Every structure is written in structure tokens, then in C-alpha cells.
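So the sequence shown is residues 15 to 305, counted in my numbering.
Beta carbons are placed, not taken as given, at the ideal position from N, Cα and C, and that holds for glycine.
From a predicted model like this one, the values you see are computed outputs, not experimental measurements.
Below is one structure, written out as C-alpha cells; the observations come after it.
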Amino acid sequence: MKIRKLAILAILMVSISIWGCDMIQKSVSPSPTPTSNEIVSTGFTIQGKAEITGRNQNVQFKLLVILSDGTTQDQTTAATWESSNTVVATVDTKSGLVTSKGYGEAQITATYQNTRTQFALKVVPLTILFEAISDDMAIFKKDGVKFYEKHGYGGGGRGFNVAAISRTTGELIYPVKNFDTYASREDGKEMKAMIDFINSLPNGTLLLIAVADEAGLNTWPGMSYTSCTAKVNPYNEQGKQLLEALGSTMIRKYCYRYRWAMITIKGSGKLAEDYNNDYYPVTIKASVPLV
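See the structure below:
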């Protein structure tokens, strides 16, 4: 009987021990971390162009709020905008519309909820590729697009063809001029007209000059077909000197019916020049940044 009581007591003690250990484990087990679906702002960013080419170009900038769920929220019109250099670029204070004004660098700043966000902007000049071709015809091109073509004899392009172009806009200041210096090779009146026209232009003017057919700078070749003997008249020498002042180093190598072309900036110097004989056309190119 005593043994039986002891056995029952042992069973009760083991049960109590197991039950007590389970309560301790539950009390020290960590509480579950509370979860939240709240979306909050994690930062700001400006969306825009780091580089704008040319003046008077409009680019819309945006202020985006970065949210914790990975999305963004447009707060462009809620921000206040400013530019650090209004000579280079201005920005509408409410809309974020940026307008390029000059060349250089500026910081575009958007202020929202007392936070300033900046964006580095650079404005660079627009560069235009000009091309001049001398052959039986004279051809001028701008960025690969032909804007002038005149044939020589009977086509209205014989002699010197001169395009005067603004370096600010890249556009013609005047319609392309033709000076038929071959037709006036005796009295030099057309050469005088070309001299007067070029002298009337301001320094900084971009000039495309190309001969079509024949320029009248040399004596009649006779049976030899070509002649490199200078044709003397009251203005041919002055014309050559003017072209040399513009940067030419080849105009005195021009012979009867040769090809010759030059691209130059008046007051600054030659960008390109070439010449050849009657069998081969001359093509020259120059990339010119606007100012």
C-alpha cells in the first residue's frame, strides 16, 4: 500500500513539473511584431534633362516624391522652383518649366515641405554641319539638307556664290548671292560687287563661298585648255586679297575652270578650304557651334 502511494505521488510530481515548464516557455516567447500598411515618403528626386542644346529651349522639370512602396508621387506644382544662374536658364517658380537662355551651368532647385532638392543642368551650343560644293554647279547644305544649288553657265551660278549666315541663329542673313565674275572678267564689276558685299557684313558672320563653272580669275587658255595666268582687271587682285584676309591659302592656286570653295568666319579665320582641277568636284564641311 505504501509503495502504491509512493508511485502515485511520483506520477503527480512529474505531471506538475512538465506543466510548470510549459508555462515558463510561453511567458518568454517573443510577441509577434506588429505590421503596418502605412505608405510614407522616403525621399525626393527631380526629373529633367541634364543637358539642353541651344538657347530658348523649353524643358519641363518634375519633382517626384519617392514612397516606401516603391512608387512616386508628382508634386511639381506644389514645389517652389528656382535657378542658380538665370543667364544660363530660367525656371517658372510654380510649374517647373525650364528655359535655356545662354551657355554654361546652373542648379535647378525645387523646395517642397522645407526640403531643397537640386538638379545640375548644362546648356551647350547647338552645332550645325555646313557643307559647300564647287563643281559645274555650286551647292550649299545645312545638316545634310541642301538650301542652295545653282548651275554655272546659263544656270545663274557661274562665278562666286556667297552665303552669309548668322552665327546666332544659323540662318541666312541675306539670300545667297551670285557674282558672275567670269562675265565681268574685263571690267571687274562683279568682283567689286562681291568685295563690297563681304565688306558690308559684320565680323562673326559665317561665310560659305563656292565657285561654279568658272570664276574669271585667269586669262583665256586657248588651245591649252587651262591657264594659271592671272587675269588682270581693276578688282581681281583686290578680290584675292580679301579672300586671303578671310583665311584663304589656295585662291592663288586657282586656274581656269578649277574648283574652289571655302567656309570661313569673318574676323576669325578659315574653317575649311579646298580646290581641284576641272575633273573633280570639291566638297568641304565644317561643324559650327552657334554663339
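- Task: Provide the residue(s) that pair with residue 288 in DSSP beta bridges, ordered along the chain.
- Result: Bridge partners of residue 288: 275.
- Message: My parser needs the beta strand (DSSP E) runs of 3 or more residues fully inside the region 174-260; what are they?
- Response: 191-193, 220-226
- Query: From residue 293 to residue 136, what does the alpha carbon distance come to, in whole angstroms?
  - Reply: 47 angstroms
- Return the CA-CA distance between residue 114 and residue 68, expressed in angstroms with no decimal places. 7 angstroms
- Please classify residue 80: does DSSP put it in a helix, a strand, or coil? strand
- Can you tell me the Cα-Cα spacing of residue 106 and residue 299, whole angstroms? 40 angstroms
- Looking at residue 154 and residue 134, is the spacing between their C-beta atoms short of 8 angstroms? No, Cβ-Cβ distance for residue 134 and residue 154 is not below 8 angstroms.
- Task: Within the same chain, show all residues whose beta-carbon is closer than 7 angstroms to that of residue 281, passing over the 5 residues directly before and after it, in chain order.
- Result: 217, 218
- Item | Residue range of the beta strand (DSSP E) that includes residue 118 | 118-126
- Candidates 240, 223, 204, of which the one nearest residue 248 by Cα: 204
- Taking the alpha carbon of residue 275 as the point to measure from, which residue in 266, 286, 269 has its own alpha carbon closest? For residue 275, the closest C-alpha among the options 266, 286, 269 is that of 286.
- Message: I need the straight-line Cα distance from residue 158 to residue 77, nearest angstrom please.
- Response: 39 angstroms
- Task: Report the three-state DSSP secondary structure of residue 172 (helix, strand or coil).
- Result: coil
- Contact under 8 angstroms by Cβ, residue 296 with residue 273: The Cβ atoms of residue 296 and residue 273 lie closer than 8 angstroms to each other.
- Message: What residue range does the beta strand (DSSP E) around residue 147 cover?
- Response: 141-148
- Task: For the beta strand (DSSP E) holding residue 55, just list the boundary residues, first then last.
- Result: 55-61
- Whole-angstrom Cβ separation of residue 224 and residue 147, contact assumed at under 8 angstroms? That belief holds up - the Cβ atoms of residue 224 and residue 147 are roughly 6 angstroms apart, short of 8 angstroms.
- Kindly give me the distance between the Cβ atoms of residue 229 and residue 268, rounded to whole angstroms, as I take these residues to be in contact under 8 angstroms. 7 angstroms
- Item | Integer Cβ distance of residue 101 from residue 84, believed to fall under 8 angstroms | Wrong, their Cβ atoms sit about 39 angstroms apart, outside the cutoff.
- Query: What residues in its chain sit with their C-beta under 8 angstroms from that of residue 80, if we drop five residues either side in the sequence?
  - Reply: The beta carbon of residue 80 lies closer than 8 angstroms to those of 55, 56, 57, 58, 59, 86 in the same chain, with the five residues before and after it left out.
- Could you give the DSSP three-state label for residue 155: helix, strand or coil? In the three-state reduction of the DSSP assignment, residue 155 falls in the strand class, which pools E and B.
- Just grab the DSSP bridge partners of residue 132 for me. 123
- Item | Range of the contiguous beta strand (DSSP E) that encloses residue 299 | 296-303
- Task: State the DSSP-derived secondary structure class of residue 160, mapped to helix, strand or coil.
- Result: Correct three-state label for residue 160: strand.
- Message: Our contact map puts residue 186 next to residue 304 with C-beta atoms below 8 angstroms; I'd like the distance itself, whole angstroms only.
- Response: About 14 angstroms; that fails the 8 angstroms criterion.
- In chain order, what residues of the same chain lie with their CB nearer than 8 angstroms to the CB of residue 149, ignoring the 5 residues before and after it? 226, 273, 295, 296
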